[in-house]
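Position one of the sequence shown corresponds to residue 0 (numbering that gives the first Met the number 0), numbered consecutively onward. Glycine included, every Cβ here is placed at the ideal spot set by N, Cα and C.
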Amino acid sequence: MDMKRDQWMESKPMSDSEDEEKVNIWMDLELDPAERQKRKERQERDQDNFIRDEILDNAEVICAQMITAGGDFLFRQLGSFDAILVDEVAQCTEINTIVPIVQRGCSRLVLSGDHCQLPPTVQSEEAEERGMSVSLYARLVREGLEAKFLDTQFRSHPKLMEFSSKMVYDGRLKDGIRGEERPALQGFVWPRRDVPVAFVDMG
Numbered sequence: 000m001d002m003k004r005d006q007w008m009e010s011k012p013m014s015d016s017e018d019e020e021k022v023n024i025w026m027d028l029e030l031d032p033a034e035r036q037k038r039k040e041r042q043e044r045d046q047d048n049f050i051r052d053e054i055l056d057n058a059e060v061i062c063a064q065m066i067t068a069g070g071d072f073l074f075r076q077l078g079s080f081d082a083i084l085v086d087e088v089a090q091c092t093e094i095n096t097i098v099p100i101v102q103r104g105c106s107r108l109v110l111s112g113d114h115c116q117l118p119p120t121v122q123s124e125e126a127e128e129r130g131m132s133v134s135l136y137a138r139l140v141r142e143g144l145e146a147k148f149l150d151t152q153f154r155s156h157p158k159l160m161e162f163s164s165k166m167v168y169d170g171r172l173k174d175g176i177r178g179e180e181r182p183a184l185q186g187f188v189w190p191r192r193d194v195p196v197a198f199v200d201m202g
């Protein structure tokens, strides 16, 4: 082993990259298999971190979960953000929503969601009793903050939208598509072809 090491150390001068490769090979010769595996994993982790840092440093938009967006890693790497957009905010707990807002120190905040749809999922009954199932968006709307209502939908069949519009949105929703743009699914036996709704027993 010592002879191999000496042969590497006494070889002719090389470039930085070649010299680094020589050191790596020499260390592999010196280390036992367990230490060699640890070193390999550490090198792979360092390479992953380098690639990740390069991507973040050059990114104009970063998508992340709430807690990740407010975590120390992103803060150390990027500091504060100019703007934060929280999508589906009505399904997020208030505390989760506050984390990136406070940690990032943004100057512009956009909350996008629908408090008339699903609320945040809270498994603890005590937490729900203490108001944890109320989203920040729902609380702001309840306190009188004016929200921009997006009145045109492009997802559902007009007949499906009609029900939601009447029962939930006081008839304010509009269609961005026509019924023929949402044809019936193929391969399914519809009870009535003129009715775009079918209830299927999954029991």
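Close Cβ partners of residue i (< 6 Å) along its chain, the five nearest in sequence each way excluded
i      : result
GLN116 : none
LEU110 : VAL85, VAL88, TYR136
VAL167 : CYS115
Nearest to residue i (by Cα), restricted to the options the options
i      : options                      : result
ARG141 : ILE83, ASP113, SER123        : ASP113
GLU55  : THR151, VAL109, LEU73        : Per the sequence presented here, residue 55 reads as Leu, with Glu not at that position. The residue with the shortest Cα to Cα distance from LEU55 is LEU73.
LEU84  : VAL121, ALA197, GLN64, GLY70 : GLN64
GLN102 : VAL109, ASP86, THR67         : THR67
Endpoints, alpha helix (DSSP H) assigned at residue i
i      : result
LEU283 : Lying before the first or after the last residue shown, residue 283 is absent from the chain, which here runs from 0 to 202.
GLN159 : Going by the sequence as given, residue 159 is Leu instead of Gln. Note, LEU159: alpha helix (DSSP H), 157 to 166.
LEU140 : As written in the sequence, residue 140 is Val, which differs from the Leu given in the question. 135 to 141 is the extent of the alpha helix (DSSP H) around VAL140.
ALA126 : 124 to 128
THR120 : It is not in any alpha helix (DSSP H) - THR120 carries neither H nor E in the DSSP assignment.
Nearest-angstrom Cα separation, counted from residue j out to residue i
i      : j      : result
GLU180 : ARG154 : 10 Å
ILE50  : SER79  : 21 Å
MET201 : PRO190 : 16 Å
LEU144 : THR96  : 17 Å
GLU93  : TYR136 : 8 Å
LYS37  : LYS147 : 54 Å
PRO32  : GLN185 : 58 Å
ASN48  : ASP71  : 15 Å
MET158 : VAL188 : It should be pointed out that residue 158 corresponds to Lys in this sequence rather than to Met. Their Cα atoms are separated by approximately 19 Å.
GLU124 : PRO118 : 14 Å
GLU161 : ALA197 : 16 Å
VAL121 : GLU59  : 33 Å
Residue interval of the beta strand (DSSP E) (run including residue i)
i      : result
LEU184 : Segment: none, LEU184 is in no beta strand (DSSP E) and carries neither H nor E.
ILE83  : 82 to 86
SER111 : 107 to 111
Close beta carbons around residue i, own chain, < 8 Å, minus the five adjacent residues each side
i      : result
ARG192 : ALA183
LYS11  : Note that LYS11 scores 49 on pLDDT, short of 50, meaning its location in the model is unreliable; the coordinates nonetheless yield the value given after this. Same-chain partners within the cutoff: there are none.
GLY175 : THR151, GLN152, PHE153
Close-in-space but distant-in-sequence residues of the same chain around residue i (CB under 7 Å, 5 per side omitted)
i      : result
SER164 : GLY170, ARG171, LEU172
HIS156 : GLY178, ARG181, PRO195
ASP150 : ARG171, LEU172, LYS173
ASP52  : GLN76
ILE100 : ILE83, LEU108
Integer-rounded CB distance, given that residue j should sit under 8 Å from residue i
i      : j      : result
CYS91  : SER134 : 6 Å
GLY69  : VAL98  : 4 Å
ARG107 : ALA126 : With a Cβ gap of about 30 Å, ARG107 and ALA126 do not count as contacting.
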